[in-house]
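So the structure is just underneath, and the comments pick up after that.
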Amino acid sequence: MTFFTHLGRYILMLKGMFSKPENPKLYWKEFMHQCAEIGIGSIGIVSIISVFMGAVSAVQTAYQIVNPFISKTIISQIVRDTVILEFAPTLICIVLAGVVGSKIASELGNMRVSEQIDALEIMGINTKTYLVLPKIAAAIVTVPMLTVLAMLLGILGGRLTVSLSGILSTDSYDRGLRELFVPYNVFFALIKAYTFAFIISSIPAYFGYYVKGGSLEIGRSSTTSVVVSCIVILFADYILAALLL
Amino acid sequence: MIEFKNISKSFGDKLVLNDVSHAMQSGKANLIIGTSGSGKTVLQKCLVGLFEPDQGEIIYDGISFTQMNDDDRKMLRQQIGMLFQGSALFDSMTVEDNVKFPLDMFTNDSQTTKLKRVNEVLERVNLVGSNKKFPSEISGGMKKRVGIARAIVLNPKFLFCDEPNSGLDPQTSMLIDQLIYDITKDFNMTTIINTHDMNSVMEIGDNILYLKDGKKEWTGNKKDIIFSENENLNQFIFASEFLQGAKRLRMMEEKR
Ligand SMILES: Nc1ncnc2c1ncn2[C@@H]1O[C@H](COP(=O)(O)OP(=O)(O)OP(=O)(O)O)[C@@H](O)[C@H]1O
Ligand SMILES: [Mg+2]
Chain U
1 MTFFTHLGRY
11 ILMLKGMFSK
21 PENPKLYWKE
31 FMHQCAEIGI
41 GSIGIVSIIS
51 VFMGAVSAVQ
61 TAYQIVNPFI
71 SKTIISQIVR
81 DTVILEFAPT
91 LICIVLAGVV
101 GSKIASELGN
111 MRVSEQIDAL
121 EIMGINTKTY
131 LVLPKIAAAI
141 VTVPMLTVLA
151 MLLGILGGRL
161 TVSLSGILST
171 DSYDRGLREL
181 FVPYNVFFAL
191 IKAYTFAFII
201 SSIPAYFGYY
211 VKGGSLEIGR
221 SSTTSVVVSC
231 IVILFADYIL
241 AALLL
Chain G
246 MIEFKNISKS
256 FGDKLVLNDV
266 SHAMQSGKAN
276 LIIGTSGSGK
286 TVLQKCLVGL
296 FEPDQGEIIY
306 DGISFTQMND
316 DDRKMLRQQI
326 GMLFQGSALF
336 DSMTVEDNVK
346 FPLDMFTNDS
356 QTTKLKRVNE
366 VLERVNLVGS
376 NKKFPSEISG
386 GMKKRVGIAR
396 AIVLNPKFLF
406 CDEPNSGLDP
416 QTSMLIDQLI
426 YDITKDFNMT
436 TIINTHDMNS
446 VMEIGDNILY
456 LKDGKKEWTG
466 NKKDIIFSEN
476 ENLNQFIFAS
486 EFLQGAKRLR
496 MMEEKR
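Residue numbers (the numbering used here), protein chains in the order written: chain U, 1 to 245; chain G, 246 to 501.
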């Protein structure tokens, strides 16, 4: 299939999601369930990655700054800005594309292959609204929260290493954090997080929802969906940076 | 009543259904029989709209299903119950929740009323004490019965069963046939059953459609089938010596 047939069907899927729920209570329940799956389910991996991300960037910045004329508080500024601008939104979302995306694609793929989606359709339920929409909505709600968590933990991770390895005192680190802070960066990071959240939920949902064949294809489509999501994230990252910075 | 006219369907260049027309009557067990791969499942899926036929018209109680828009189809489908060949139970839900799901979605009854109804249908399919099990924890035959329970829990007007008793022992199989037959009569449902179980054919076959290579080869009821001269049908139905003997006996009985 060509790129344009995929794109067309993807857009039609998104359009098809918006229909009146048969029973709002069940849809809400499904949405909450997905928030727990996607959001709470990823807190562990996001925390681990963010702490190390912050730590590594602190150590590496310190390693590169050998000039005695530069104040060492620049370390915390650099950690702060890279974590907020790039690491927390982009890197975390790429990881989530793997964690959340493959889960979404394989869950829907399995439901498609074992005819569970057909069974729902036969009951008179719009499966795009019931299965796909709650996943995308849950990702859009929880992924930015995870991004904010990643920012905090990343900066904290940097603080921890600089003080443990004696590069900088925590006081100077904190002082550096407050110097030249641009609140717009946080806003920009959140825009990225919302965009990426949509990407890492809708693309895998598309690949899972339209799986054809058997269990082999479920695995294949989940891999494809992660690869495609990652590429689209990087592409969107570039576009957003060009537009908004 | 469900009528369909000149249904054809192909996948790629393989013609699976070739100009099939028939009427499925209400209050009767309408059987679709045929060898494995003859197109029974594809025909059922065309009738409910899971496959779009390439050609032909499908009419539900006088209203053209083929020309309905998505919303009208959705409304109609709330009166359809369907058992899939592979059961298609929701993996993430227990047996009880699977059967309760249509009630949760489409009724405003209280939990107790819904649970009462769930237990009632589970009892009818002879499945008690598995309420809290997950589909992965029950046997294939049990899955079938949960699938039937889920299909009938809302008392549908149209009931589609794709091989309801394959993989069941003869006794349970009879029980399921009888159950489907009874509710069909009780609620005047239009019931369509795919099967290659000869027992079902002889017990409940009110209106039988025999498909061969995607074509309508023969129609009639369980009595006609005994006297049928159709070579292919006889070969298909009375495949073993034992069944041929049974046919001769039944013929003598009927003639007397
Ligand atoms: N989605 C599909 N894509 C391509 N070919 C298909 C598809 N579904 C069914 N077929 C083909 O259609 C033919 C009829 O299949 P169908 O499942 O209707 O048989 P059946 O009569 O239900 O057989 P069984 O008794 O084994 O269930 C088969 O040759 C099959 O290969
Ligand atoms: Mg079949």
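Where is the CB? At the ideal position from N, CA and C, for every residue including glycine.
The structure displayed is predicted, hence computed values, not measured ones.
query: F329/G: CB within 7 Å of a non-hydrogen atom of ligand 1; result: no
query: Helix, strand or coil at Y210/U according to DSSP, with G and I counted as helix; result: coil
query: V83/U and I38/U closer than 8 Å at C-beta; result: no
query: Contact set between P347/G and chain U, taken where Cβ atoms lie within less than 7 Å; result: M123
query: L14/U versus A137/U: straight-line alpha-carbon distance, rounded; result: 12 Å
query: When V186/U, V132/U, I167/U are compared against G109/U, the one with the closest alpha-carbon; result: V132/U
query: Where F329/G meets chain U, residues with beta-carbon distance less than 8 Å; result: E115, D118, A119
query: Whole-Å CB distance - V95/U paired with T161/U, under 8 Å assumed; result: Going by Cβ atoms, the distance from V95/U to T161/U rounds to 20 Å, so no, they are not a contact pair.
query: Whole-angstrom distance between A205/U and K135/U, CA atom to CA atom; result: 8 Å
query: Chain G contact residues for L216/U, given Cβ-Cβ distances below 9 Å; result: Going along chain G, no residue has its Cβ under 9 Å from L216/U, so there is no contact; the nearest lies around 17 Å.
query: Contact list for L26/U against chain G, beta-carbon separation under 8 Å; result: D349, M350
query: Simplified DSSP assignment, three categories, for Q270/G; result: coil
query: Coarse secondary structure for V132/U, derived from DSSP in three states; result: helix
query: Residue environment, K468/G, which counts as buried when at least 16 other CB atoms sit within 10 Å; result: exposed
query: Closest by C-alpha distance to E121/U, when choosing among A333/G, R390/G, V398/G, E382/G; result: A333/G
query: Ligand 2 heavy atom lying under 7 Å from the CB of T286/G; result: yes
query: Residue-level contact to chain U via CB, L295/G, 8 Å cutoff; result: yes
query: Minimum C-alpha distance to K250/G - residue among D427/G, G307/G, G279/G, A274/G; result: G307/G
query: Spatially closest choice to I199/U from A189/U, V228/U, L190/U, by CA coordinates; result: V228/U
query: Inter-stretch contact at 8 Å, needing at least 3 Cβ pairs: the segment 162-173 of chain U / the segment 70-82 of chain U; result: yes
query: Under 8 Å between C-beta atoms of N275/G and I425/G; result: no
query: Residues of its chain near D407/G, where Cβ-Cβ distance is below 7 Å and the 5 sequence neighbours each way are ignored; result: T286, Q289, L328, F329, Q330, N439
query: Segment contact flag, the segment 145-158 of chain U with the segment 40-52 of chain U, C-beta cutoff 8 Å, min 3 pairs; result: yes
query: H441/G: CB within 7 Å of a non-hydrogen atom of ligand 1; result: yes
query: N- and C-terminal bounds of the beta strand (DSSP E) containing L420/G; result: Careful: L420/G lies outside any beta strand (DSSP E), inside the alpha helix (DSSP H) at 415-431.
query: Contact list for M320/G against chain U, beta-carbon separation under 9 Å; result: G124
query: 8 Å Cβ shell around G219/U - same chain, five flanking residues per side excluded; result: S106
query: Whether K389/G touches P409/G by CB criterion (8 Å); result: yes
query: Pairwise C-alpha distance: G208/U and L292/G; result: 26 Å
query: Heavy atom of ligand 4 within 7 Å of F256/G beta-carbon; result: What this structure holds is ligand 1 and ligand 2, not ligand 4.
query: Residue-chain proximity (E22/U, chain G), Cβ-Cβ < 8 Å; result: yes
query: Local Cβ density within 10 Å of N444/G, reported as buried at 16 or more and exposed below that; result: exposed
query: Any C-beta of chain U under 8 Å from that of A333/G; result: yes
query: Neighbouring residues, chain U, relative to I393/G (Cβ below 8 Å); result: Within 8 Å Cβ-Cβ: nothing; I393/G doesn't reach chain U, min ~13 Å.
query: Straight-line Cα distance separating N452/G from A97/U; result: 53 Å
query: M1/U versus M17/U - alpha carbon distance; result: 23 Å
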